[in-house]
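For what it's worth, my numbering labels the leading residue of the sequence shown as 26, then goes sequentially.
This report refers to the structure that appears directly beneath it.
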Amino acid sequence: MTEALSSLAEAFKNVGVSRAYGPAVTVEGEELIPVALVSFGFGGGQSAGGGDAAGRKAVGGNAVAGNAAGNAPLDGSPENAAGGGGGGFVLPLGVYCRGRNGRVAFRPNSIAVLAGLVPLVCAVGIAVRGALRALHRR
């Protein structure tokens, strides 16, 4: 399990900036460089089982050894359990553009900006509600 996680981490070692900025594209005389917020994570774990974590199933108040499905008795030795997973997302923020005159400007993706502002608006709303409740209690 540790070897698989190490090889996965090695594979994603240099993907930070290369995933956030896309390759330059020329559209109608303007050079565009797409920009995105990239986030990903991986995790894993391993456990040497024992007790109830080893697949023991309670039957009539007594612990009976069995596999995860509860059938096929175990020989009493502890089982090992391992697992892992990962995920990520990409949020397109906008593009850097260089016009014919050479000036560089950032053009945001308005949908992504609104989606990114939702947590901020929620946090401000909760803070204002807390402040109003504190003032009301005086």
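Backbone N, C-alpha and C define an ideal beta-carbon position, used for all residues, glycine too.
In the three-state DSSP reduction, Ala-49 falls in the coil class, being neither helix nor strand. At the C-beta level, Asn-134 and Leu-145 stay beyond 8 Å of one another. Straight through space, the alpha carbons of Ser-32 and Arg-162 are spaced by roughly 57 Å. Judged by DSSP in its simplified three-state form, Arg-128 adopts coil rather than helix or strand.
Pairing Ile-58 with Arg-125, the inter-Cα distance amounts to about 15 Å. Rounded to the nearest angstrom, the gap between the Cα atoms of Ala-45 and Ala-137 is 14 Å. Taking one beta carbon from each stretch, the stretch 63–74 and the stretch 110–117 have 3 or more pairs nearer than 8 Å; the two touch.
In terms of CA proximity to Gly-127, Gly-54 leads the group Gly-111, Ala-152, Gly-54 and Val-50. Per DSSP, Arg-163 lies in no alpha helix (DSSP H) segment and is marked neither H nor E. Secondary structure at Gly-54: coil, using DSSP grouped into helix, strand and coil. In this structure, Ala-106 is the residue among Ala-49, Ala-106, Val-153 and Arg-123 with its C-alpha nearest to the C-alpha of Gln-71.
Annotation: Glu-56 to Ala-130 spans about 11 Å, alpha carbon to alpha carbon. Excluding sequence positions up to five before and after Gly-111, its CB lies within less than 6 Å of the CB of Phe-67, all in the same chain and listed in chain order.
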